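Residues in the sequence shown are numbered from 53 upward in steps of one, following this note's numbering.
The structure appears below as structure tokens.
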Amino acid sequence: MKRAVLLCCAALLAIGLVTVGAHASDLSGEYAAAGHSPKTGKAYTGTVKIMKSGEVYEVSWVIDGKGYLGTGILVNDVLSVAYTDEAKTWFGIVAYHIKSDGAVLEGKWTGAGATVLGDESWTKQ
């Protein structure tokens with residue numbers, strides 16, 4: 053498990069370091085979320101709250117009534133977030149490409165042990 057977490061962190065850093073572009077200086081705020089689950093293929097919606105805390109971002113989602121928590125880093129125009137459910141029984145990673153100076157974020161996500169990617173977009177409210 054420790055090795056998986058280290059690999060996850062290395063992947064997040066690599067994703068962020070190879071991306072170049074402009075982004076909003078502070079992504080804090082509330083967003084509407086919409087995405088597709090790779091397991092079921094079904095669409096979902098929810099809400100996201102982002103709060104900047106020093107050099108990192110604390111992220112909380114409510115998707116279909118379930119809560120998720122994450123910690124993210126912003127490198128260039130990519131917000132990479134490691135996340136878990138409220139019970140903290142598993143983890144996942146997501147990388148969002150920032151568009152429209154932070155008004156829209158488009159991302160790909162996966163959970164530990166998965167072999168496919170889901171997609172999710174956020175629109176600032």
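Glycine residues also receive a C-beta, built at the ideal position from the N, C-alpha and C atoms.
A quick note: this is a predicted structure, and the numbers were derived from the prediction, not measured.
{"Asked": "Cβ neighbour criterion (16 or more within 10 Å) applied to Ser77", "Found": "exposed"}
{"Asked": "Proximity winner among Gly106, Asp116, Ala134, Val133, relative to Gly87 (alpha-carbon distances)", "Found": "Asp116"}
{"Asked": "Outcome for Val146 when other beta-carbon atoms lying within 10 angstroms are tallied against a minimum of 16", "Found": "buried"}
{"Asked": "Check whether Ala84 and Trp142 have beta carbons under 8 Å apart", "Found": "no"}
{"Asked": "Met53 burial status per 10 Å Cβ neighbour count (16 or more: buried)", "Found": "In this predicted model, Met53 has a pLDDT of only 47, less than 50, meaning its place in the structure is not dependable; the value taken from the coordinates is given anyway. So Met53 counts as exposed."}
{"Asked": "Where Asp78 falls: helix, strand or coil (DSSP)", "Found": "coil"}
{"Asked": "Nearest neighbour of Lys178, chosen from Thr123, Val133, Ile102, Glu138 [CA to CA]", "Found": "Residue 178 lies beyond the residue range present for the chain, which begins at 53 and ends at 177; the question has no answer from this structure."}
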